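Trainee: Under the working numbering, the residue at position 151 of the sequence shown is numbered 153, and the numbers go up by one with no gaps. Just so it is clear, CB atoms sit at the ideal spot from N, CA and C, and this is done for glycine as well. Bear in mind that the values here come from a model prediction, so they are computed numbers and not experimental data.
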Amino acid sequence: MADLGTDIDRAAALLQQGEVVGIPTETVYGLAANALRGDAVAKIFEAKNRPFFDPLIVHLASVDQVGTYATEFPLAARKLAERFWPGPLTLVLPRRAFLPDITTSGLPTVGLRSPRHPLLQQLLNRLDFPLAAPSANPFGYVSPTTAQHVQAQLGHTVPYILDGGPCQVGIESTIVGFADGVTILRLGGVVQEEIERVVGPVKLATQKNSNPLAPGQLESHYSPRKKLVLGKLPELLALHSHLQVSVLSFQTDYRHKSQVILSPSGDVREAAQRLFASLRALDAEPSELILAEAVPESGLGRAINDRLRRASA
Ligand code: TXA
Ligand code: MG
3 MADLGTDIDR AAALLQQGEV VGIPTETVYG LAANALRGDA VAKIFEAKNR PFFDPLIVHL
63 ASVDQVGTYA TEFPLAARKL AERFWPGPLT LVLPRRAFLP DITTSGLPTV GLRSPRHPLL
123 QQLLNRLDFP LAAPSANPFG YVSPTTAQHV QAQLGHTVPY ILDGGPCQVG IESTIVGFAD
183 GVTILRLGGV VQEEIERVVG PVKLATQKNS NPLAPGQLES HYSPRKKLVL GKLPELLALH
243 SHLQVSVLSF QTDYRHKSQV ILSPSGDVRE AAQRLFASLR ALDAEPSELI LAEAVPESGL
303 GRAINDRLRR ASA
């Protein structure tokens, strides 16, 4: 099993040796390796059982490094980086040829993000290479928001997990592309309204199921093992009264013996922060089914509902 701790030197040494390390970010935990070494990145795919067509996000210490890895940095992307980095935003830009194909799945673009978690920032500043890192979950499963989640599922595949506490945002980064106008490829921690305040109206990529541009856009993703049904909870509870169910509500107390209320005060930020840990907890309950309701469809709520819809697909 992996060791858990806050030893930056140890994490840095392992990464320098081409090993994979669990890392905290403000969004979700990642499984990191030297983005410039194909052999190191291959170990990430192996650990996650991730298909090679799914490119990784490359994590940078700062915006100054964008030009090292991207051939173009359009004005809109520059403005977004200035406003939201370090933070939960990934920019998809044309990539430089020296990046290993395995990191970008052979795409002509690379996803770049400068994360905000202080421990990870210290680590990135210590290294002379960027970190390729997907979320640290088996492919298709709910993303991890604590070091313990990573330990439980992938602890046997990595020597060390840097423990940065529970993730503050709780939902993955927003991914934005610029090839055909500013386009949100995946809803996430930075909300569409905030992005539009900086660059004007943007497009939202429609979901594709085969050959996805961002497999975070796969119809079925972020899923618990148990079946999850999304709808109006009073109706769902009546419909499934003959089964043992668990309940995931936004704000309402359904007085069910197996339930999580994401935010009793109705705060979507709190709901996002608690979403994945709650799905994991309900997945571990002795119930047959998870019944869930959507949160209000605005701001961060849209990213939460996006994850709930995919978890139910
Ligand atoms: O918040 C996050 O983004 C977390 C933390 C660890 O940084 N990472 C994360 O990585 O969610 P992952 O691999 O689970 O999801 C990244 C998504 C994938 O769906 C991938 O297809 C997409 O980013 N992506 C990466 N590079 C891309 C590219 N060049 N073009 C389009 N999509 C890309
Ligand atoms: Mg993921």
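Measure from the alpha carbon of L91 to the alpha carbon of each residue in R227, R97 and A83, then state which is nearest.
Mentor: A83
Trainee: Can you tell me whether P117 sits near the ligand MG, meaning its C-beta is under 7 angstroms from at least one heavy atom of the ligand?
Mentor: No, the beta carbon of P117 sits no closer than 7 angstroms to any heavy atom of the ligand MG.
Trainee: Among residues of its own chain, excluding the 5 on either side of R128, which ones have a beta-carbon nearer than 7 angstroms to its beta-carbon?
Mentor: I10 and A14
Trainee: Considering only residues of the same chain and omitting the five flanking positions on each side of V193, which have a CB-CB separation below 8 angstroms?
Mentor: T176, G301, L302, R304 and A305
Trainee: At which residue ranges does the stretch 216-255 contain complete beta strand (DSSP E) runs of 3 or more residues, listed in the order of the chain?
Mentor: 229-232 and 247-251
Trainee: Flag S1 as yes when its Cβ comes closer than 7 angstroms to any non-hydrogen atom of the ligand MG, and as no otherwise.
Mentor: Past the boundaries of the shown model lies residue 1; the chain is included only from 3 to 315, so the question cannot be answered.
Trainee: Which residue from T159, Q150, R39 and L109 puts its Cα closest to that of R97?
Mentor: L109
Trainee: At a cut-off of 7 angstroms, would you count S145 as near the ligand MG, judging by its Cβ distance to the nearest heavy atom?
Mentor: A distance criterion of 7 angstroms places the beta-carbon of S145 in contact range of the ligand MG, judged by its closest non-hydrogen atom.
Trainee: Applying the criterion that 16 or more other CB atoms from any shown protein chain within 10 Å of the CB defines a buried residue, is G183 buried or exposed?
Mentor: Classification of G183: exposed, given that the 10 Å Cβ count is below 16.
Trainee: Beta carbon of V30, beta carbon of S137: below 8 angstroms?
Mentor: yes
Trainee: Distance check for S265 and A273, CA to CA, integer angstroms please.
Mentor: 5 angstroms
Trainee: Judging by CA-CA distance, which residue of N139, A99 and G166 is the nearest neighbour of H158?
Mentor: N139
Trainee: Would you say A283 and V262 are within 8 angstroms of each other, going by their C-beta atoms?
Mentor: yes
Trainee: If I'm right that T8 touches L121 with Cβ under 8 angstroms, what's the distance once you round it to whole angstroms?
Mentor: 7 angstroms
Trainee: For D308, count the other beta carbons within 10 Å of its own beta carbon; 16 or more makes it buried, fewer makes it exposed. Which is it?
Mentor: Looking at its Cβ environment, which holds 16 or more other Cβ atoms inside 10 Å, D308 is buried.
Trainee: Can you name the residues that DSSP bridges to V178?
Mentor: L93 and I186
Trainee: Go through the stretch 75-125 residue by residue and report every complete run of the beta strand (DSSP E) that reaches 3 residues or more, in order.
Mentor: 91-96 and 111-115
Trainee: Distance check for L62 and V68, CA to CA, integer angstroms please.
Mentor: 8 angstroms
Trainee: What span of residues does the alpha helix (DSSP H) with G303 cover, start to end?
Mentor: L302 to S314
Trainee: Who are the Cβ neighbours of V292 in its own chain at under 8 angstroms, not counting the five residues just before and after it?
Mentor: At residue 292 the sequence reads Ile, which differs from the Val that was named. Same-chain partners within the cutoff: P226, K228, K229, L230, V231, V247, S248, V249, L250, L281, L284 and D285.
Trainee: Does the Cβ of V2 lie closer than 7 angstroms to at least one heavy atom of the ligand TXA?
Mentor: Examination of residue 2 is not possible in this model, given that the chain is present from 3 through 315 alone.
Trainee: With DSSP run on the structure shown, which of helix, strand or coil describes N36?
Mentor: strand
Trainee: By the DSSP assignment, the alpha helix (DSSP H) with L284 in it spans what residues?
Mentor: From DSSP, the alpha helix (DSSP H) with L284 extends over V270 to D285.
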